[in-house]
Amino acid sequence: MTRPDAPTRALIIGCGIIGKHHGIVLTRHPDFEVTALVDPVVASAEAVADTVVEEGAERPVIYGSIADALSSGTVDLAVICTPSGLHIQQATECLEHDVHLVVEKPLDVSVALGTRFAELAAKAAERGLMVSVISQHRFDPGATVIRKAIDEQQFGTLTSAVATMAWYRSQQYYDSGDWRGTWALDGGGAVMNQGVHTVDLLRWFLGRPTEIYAHTAQLAHQRIEIEDTATATVRFESGALAVIHCTTAAYPGLTARVQVHGSHGSAILDNDELRYFHTGDGAVADNLRSAAVTGNQAADVLGASDADEYANSRNQPDGFVLGHLRQYDDIAGALKDKRSPLVDVNEALLSLALVRSLYVSATLGQPVLFDDVLNGRYDDVVATVTQAPAQAAAEVAK
Ligand SMILES: NC(=O)c1ccc[n+]([C@@H]2O[C@H](COP(=O)([O-])OP(=O)(O)OC[C@H]3O[C@@H](n4cnc5c(N)ncnc54)[C@H](O)[C@@H]3O)[C@@H](O)[C@H]2O)c1
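Just so we're aligned, residue 169 is where the sequence shown starts under my numbering, counting upward by one.
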């Protein structure tokens, strides 16, 4: 449990790329300190301990197991940075020890596990415990400006959106860890691992999805089970329509972009920055080209928001550190005020279910209803990018 006025003591579970990153972020954040580390590869844990010391804090203790770390009495918050398919199993163990939790994205690879875990997290909240799932791009100034505009209905009726991530990951990247590119531990490819941020923003902006129709393919990589390219169309409860495009096979790697369009306005986020923003009263001329050229209010709305102050107050850390620092601000606020964090388990579960809906649809070769996926109808569908869609659909129909 959190001690009043003392930094929240964090255990990092999984000391790979993102575990080290959390080591830096938590040490730089005034409300947290890293006291404990767990990783079966001791050299990885030692490397994160070195990083925390380089950042100017005391060396955290390396424990042989989660249970040992959580029994030490030195941990208030567990931060799960392991391969995605281990997240809920380890999160469940942590909640049994009554610590607060931060889980890296995605929540897990299984909607069924996610649904059960949401119930556990709700019970934990009754005991005063907080659980947040990382989705740091929700805290980017451009994203918060768009979400506020949507809340205030500045775009009028939301009509459509495009979420595209045209990135590149080398074969070496997929070969760098046994878990990468596997259904069991990565849970998917371009959409589940890299694209989930963009998908989460799309869902945060447009609301609850109702129907998804997707295609996936593995086109430019080998020795992986999952897709490196995916497209989907999504219908939302509001009636709005969206396109999802995620690939890790767009050499040399371009941007992630979300476009939101409505009857009275549009906005474009590109590489986390607000590139275009326009709202009006609907009385502008029917000349979209001229509106796009002359009507960009992005600088005005960003300047008017206070979202940039954080960056200035932290000596402008790099964008990746800044993103997690911003989310840890929300987590610190949730702990202090005993409120839910912005990205709680239910929020993360909906985004996981949207990604899984895309895979189920691609596997079956047919549109699927979001609620059916969320409610477990397709839990038994083993996602694939190689099985002939017609054959898979016939098997489900049997
Ligand atoms: N928010 C983001 O922008 C972001 C970026 C990268 C990764 N991630 C997420 O972070 C997670 C880890 O990704 P990564 O790139 O750091 O992977 P990684 O392979 O670099 O690190 C994973 C670490 O977990 C350790 N590990 C494996 N099994 C473990 C266990 N049972 N107990 C404790 N530690 C164990 C491994 O030894 C390794 O050090 C994934 O879920 C990924 O989706 C999020």
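Yeah, the Cβ is synthetic: ideal placement off N, Cα and C, and Gly gets one too.
Just list the residues that DSSP pairs Gln534 with in beta bridges.
As a first step, residue 534 is located in the sequence shown; it is residue number 366 there, counting from the start. Within the DSSP secondary-structure output, Gln534 pairs in no beta bridge.
Using the Cα positions of Ser328 and Tyr231, report the straight-line distance between them to the nearest angstrom.
Taking the first residue of the sequence shown as position 1, residue 328 is located at position 160. Taking the first residue of the sequence shown as position 1, residue 231 is located at position 63. Approximately 49 Å, taken between the alpha carbons.
Report the partner residues of Glu201 according to the DSSP bridge assignment.
Against the sequence shown, residue 201 aligns to sequence position 33. DSSP, once it has assigned bridges, lists Arg177 as partnering Glu201.
Could you check whether the Cβ of Ile256 sits closer than 7 Å to any heavy atom belonging to ligand 1?
Taking the sequence shown and counting its residues from 1, one reaches residue 256 at position 88. Because no heavy atom of ligand 1 lies under 7 Å away, the Cβ of Ile256 does not count as near it: no.
Excluding the 5 residues preceding and the 5 following Thr423 in the sequence, name in chain order all residues of the same chain whose CB lies nearer than 6 Å to its CB.
Locating residue 423 in the sequence shown gives position 255, counting from the first residue. Asp438 and Asn439, listed in sequence order.
Determine the burial state of Asp173: buried for a count of at least 16 other Cβ atoms within 10 Å of its Cβ, exposed for fewer.
Here residue 173 refers to the residue found at position 5 of the sequence shown. Under this definition Asp173 is an exposed residue.
When you compare the CB positions of Asp368 and Ser300, do they come within less than 8 Å of one another, or not?
Numbered from its first residue, the sequence shown carries residue 368 at position 200. Numbered from its first residue, the sequence shown carries residue 300 at position 132. Cβ atoms of Asp368 and Ser300: not closer than 8 Å.
Let's see if you can read the secondary structure: which residues bound the alpha helix (DSSP H) around Glu379?
Along the sequence shown, read from residue 1 onward, the residue named residue 379 stands at position 211. Taken as a continuous stretch (DSSP letters only), Glu379 belongs to no alpha helix (DSSP H), being part of the beta strand (DSSP E) at Pro377 to Ala385.
Relative to the alpha-carbon of Ile256, which residue among Pro274, Thr242 and His265 has its alpha-carbon at the smallest distance?
On the sequence shown, residue 256 is found 88 positions in, with the first residue counted as 1. Residue Pro274 is the option with its Cα nearest to Ile256.
Residue range of the alpha helix (DSSP H) that includes Ile436
Translated into positions along the sequence shown, residue 436 becomes position 268. Unbroken run through Ile436 is the beta strand (DSSP E), Gly433 to Asp438; no alpha helix (DSSP H).
Does at least one heavy atom of ligand 1 sit under 7 Å from the Cβ of Lys273?
Position 105 of the sequence shown, counting from 1, holds the residue named residue 273. Yes; taking the cut-off as 7 Å, the Cβ of Lys273 has a heavy atom of ligand 1 nearer than that.
Beta strand (DSSP E) containing Ser328: first to last residue?
In the sequence shown, the residue the question calls residue 328 occupies position 160. Per DSSP, Ser328 belongs to the beta strand (DSSP E) from Leu326 to Ala334.
Is DSSP giving Val220 helix, strand or coil here?
Working through the sequence shown from its first residue, we reach residue 220 at position 52. Helix at Val220.
What three-state label does DSSP hand Val549 in the structure shown?
Translated into the one-based positions of the sequence shown, residue 549 becomes position 381. Correct three-state label for Val549: coil.
Does at least one heavy atom of ligand 1 sit under 7 Å from the Cβ of Gly187?
Against the sequence shown, residue 187 aligns to sequence position 19. Yes; taking the cut-off as 7 Å, the Cβ of Gly187 has a heavy atom of ligand 1 nearer than that.
So Leu263 and Leu238 are supposed to be a Cβ contact under 8 Å. How far apart are they, rounded?
Position 95 of the sequence shown holds residue 263. Position 70 of the sequence shown holds residue 238. Not quite, the Cβ-Cβ distance comes to about 10 Å (not below 8 Å), so this is no contact.
Only counting the same chain, and skipping five residues up and downstream in sequence, which positions put a Cβ closer than 7 Å to that of Ala558?
Sequence index remark: in the sequence shown, residue 558 carries index 390 (1-based). Note on Ala558: pLDDT 48, under 50, position unreliable in the model; the coordinate value appears next. Excluding its 5 nearest sequence neighbours in each direction, Ala558 has C-beta neighbours in its own chain below 7 Å: Gly533, listed in chain order.
For a cutoff of 8 Å on Cβ pairs, would you count Glu393 as touching chain C?
Within the model displayed, chain C is absent; a lone protein chain is all it includes.
Cβ neighbour criterion (16 or more within 10 Å) applied to Arg295:
In the sequence shown, the residue the question calls residue 295 occupies position 127. With fewer than 16 Cβ atoms within 10 Å of its Cβ, Arg295 is classed as exposed.
At which residues does the beta strand (DSSP E) containing Gly363 begin and terminate?
Taking the sequence shown and counting its residues from 1, the one referred to as residue 363 is at position 195. Here Gly363 belongs to no beta strand (DSSP E), and DSSP marks it neither H nor E.
Which residues in the same chain as Asp540 place their Cβ atom closer than 8 Å to its Cβ, once the five residues preceding and following it in sequence are excluded?
For the purposes of this step, residue 540 is taken as the residue at position 372 of the sequence shown. Tyr546.
DSSP three-state call for Ala400: helix, strand or coil?
Position 232 of the sequence shown, counted from the first residue, corresponds to residue 400. Looking at Ala400 - three-state DSSP - the assignment turns out to be strand.
Is Asp207 close to ligand 1? I mean its beta-carbon at under 7 Å from any heavy atom of the ligand.
Taking the first residue of the sequence shown as 1, we reach residue 207 at position 39. Asp207 Cβ: within cutoff of ligand 1.
Note down, in chain order, each residue of its chain lying with its Cβ closer than 7 Å to the Cβ of Ala204, except the 5 sequence neighbours on either side.
Locating residue 204 in the sequence shown gives position 36, where the first residue counts as 1. Once the five neighbours on either side are set aside, the close Cβ partners of Ala204 are Leu179, Pro228, Val229, Tyr231, Ala237, Ser240, Thr242 and Val243.
Determine the closest residue to Thr332 out of Thr399, Gly448 and Thr250, with distance taken between C-alpha atoms.
As a working mapping, residue 332 is identified with position 164 in the sequence shown. Among Thr399, Gly448 and Thr250, the Cα nearest to that of Thr332 belongs to Thr399.
Taking the runs of the beta strand (DSSP E) that are 3 residues or longer, which of them lie wholly in the region 257 to 288?
Qualifying beta strand (DSSP E) stretches, in chain order: 268 to 271.
Euclidean distance between Cα positions of Ser473 and Val313:
Position 305 of the sequence shown holds residue 473. Position 145 of the sequence shown holds residue 313. About 7 Å.
Considering just the uninterrupted stretch of the alpha helix (DSSP H) at Arg494, what are its terminal residues?
As a position in the sequence shown, residue 494 is number 326, starting the count at 1. Segment Gly487 to Asp505, the alpha helix (DSSP H) holding Arg494.
I'd like to confirm the pairing. Which residues does DSSP put opposite Thr447 in its beta bridges?
Locating residue 447 in the sequence shown gives position 279, where the first residue counts as 1. Thr447 is bridged to Gly433.
When you compare each of Ser252, Val267 and Ser233 to Ala246 by their alpha carbons, which one comes out closest?
If you number the sequence shown from 1, residue 246 lands on position 78. Per the Cα distances, Val267.
Around the Cβ of Val550, are there at least 16 other Cβ atoms within 10 angstroms (buried) or fewer (exposed)?
For this step, residue 550 is matched to residue 382 along the sequence shown. Looking at its Cβ environment, which holds fewer than 16 other Cβ atoms inside 10 Å, Val550 is exposed.
Nearest CA to the CA of Thr250: which residue from Ala213, Thr325, His265 and Val536?
In the sequence shown, counting from the first residue as 1, residue 250 sits at position 82. Nearest option by C-alpha distance: Ala213.
Give the DSSP-derived three-state secondary structure of Gln427 in the structure shown.
Locating residue 427 in the sequence shown gives position 259, where the first residue counts as 1. Three-state result, Gln427: strand.
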